[in-house]
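Here the structure is laid out as structure tokens; the discussion comes afterwards.
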Amino acid sequence: EEDETIILNTLTQYKDSLALVGVELFEGVLHEEEPIRVMLQRTVASLQRLINSNQLARSPPILSGAGSAWYDIVAEEFSKMGTTADIILRSGCYITHDRGVYQLAQKRMLQQNAIVQEISKDNTLRPALQIWAYVQSIPETNRVIIGLGKRDAAFDAGFPLPILHYRSEWSKPIEIDHNNYKIILMMDQHAIMTCPSDHNLIVGDILVFDISHPCLTFDKWKKILLINNNYSVIDVLDTYF
1 EEDETIILNT
11 LTQYKDSLAL
21 VGVELFEGVL
31 HEEEPIRVML
41 QRTVASLQRL
51 INSNQLARSP
61 PILSGAGSAW
71 YDIVAEEFSK
81 MGTTADIILR
91 SGCYITHDRG
101 VYQLAQKRML
111 QQNAIVQEIS
121 KDNTLRPALQ
131 IWAYVQSIPE
141 TNRVIIGLGK
151 RDAAFDAGFP
161 LPILHYRSEW
171 SKPIEIDHNN
181 YKIILMMDQH
191 AIMTCPSDHN
201 LIVGDILVFD
211 ISHPCLTFDK
221 WKKILLINNN
231 YSVIDVLDTY
241 F
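Written out as structure tokens, the structure reads:
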């Protein structure tokens, strides 16, 4: 409440150019359900106090939150406001999903949330954001240098996972087991990947990687290529990230 008073006093100094229209948060920096619920409940209580004291310039006020890992919990807690607030969930990573942190988050929701279970019966989320990179060097039989680095893909929540292998004379990529092909180090523009000694990779081949944490991959690209099931580019998308 003390912080609320400081914010309100600050806003009054700029009342001609700023208006308090609601409250927003981001809970994604927390990793356990209990502290997230506590944070959400405090936020709802803060908004209710602002409503009761007529401090808001919008009716109904905006209540916004939810990354892509805990949106079910955010929806549960925010729904207690009923129609008293315009609730906005900002769970953007459903657009591409991933093979990592949000895959695990979705698994948690499927295990414990009936609504998520119902809407996922025929519409399960699948990873759709991939990085294609060349094999640049094979210095050892079980070690490969890939033209993929920290400037190309997220690495904070796990390294990219190789899932497809392509060669120019092939009609389409073939699947590979990411349990046997693993990036062990990423630098700015290159990655070191281990693989079985009997692999059939050659310099110039392309590997396709699924990623974990889409936001930090979007952050590195101004444009993304949209492909169809035949791997033909059908559109170019601006990220605006």
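All the letters of the sequence shown, read from the start, carry residue numbers 1 to 241 under UniProt numbering.
Don't be surprised by glycine CBs; every beta carbon is placed ideally from N, CA and C.
A quick note: this is a predicted structure, and the numbers were derived from the prediction, not measured.
Residue i - DSSP class collapsed to helix/strand/coil
i: P60; result: coil
i: R42; result: helix
i: Y134; result: strand
i: K172; result: coil
i: D72; result: helix
i: residue 264; result: A question about residue 264 goes unanswered here, because the residues of the chain that appear run from 1 up to 241.
i: K121; result: coil
i: Y14; result: coil
i: Y102; result: helix
i: R90; result: coil
i: P160; result: coil
i: E27; result: coil
i: K150; result: coil
i: E32; result: coil
i: R49; result: helix
i: G82; result: helix
i: V116; result: helix
Residue j beta carbon less than 8 Å from that of residue i
i: H165; j: I176; result: yes
i: A66; j: L89; result: yes
i: I73; j: E33; result: yes
i: I206; j: A133; result: yes
i: M81; j: L110; result: no
i: I138; j: H190; result: no
i: E77; j: R37; result: yes
i: H178; j: L161; result: yes
i: T194; j: N142; result: yes
Exposure of residue i, with buried meaning 16 or more beta-carbon neighbours within 10 Å
i: S212; result: buried
i: M186; result: buried
i: L18; result: exposed
i: I174; result: exposed
i: H31; result: exposed
i: Y71; result: buried
i: Q106; result: buried
i: R99; result: buried
i: T217; result: buried
i: D188; result: exposed
i: I131; result: buried
i: V23; result: buried
Residue i versus residue j - alpha carbon distance
i: Q103; j: L125; result: 8 Å
i: R49; j: L56; result: 10 Å
i: L226; j: A114; result: 33 Å
i: A45; j: L11; result: 20 Å
i: P196; j: Q136; result: 17 Å
i: V203; j: I7; result: 58 Å
i: P35; j: E4; result: 20 Å
i: Y240; j: K222; result: 7 Å
i: G28; j: D210; result: 22 Å
i: I224; j: I95; result: 13 Å
i: R58; j: T84; result: 11 Å
Contact test: residue i Cβ vs the ligand HEM heavy atom, cutoff 7 Å
i: D122; result: Inclusion of the ligand HEM in the displayed structure is not the case, the ligand content being empty and no account of it being possible.
Fill in: beta strand (DSSP E) runs wholly inside the region 187 to 228, at least 3 long, in chain order
For the region 187 to 228, whole beta strand (DSSP E) runs of length 3 or above, ordered along the chain, are 191 to 194, 206 to 210, 223 to 227.
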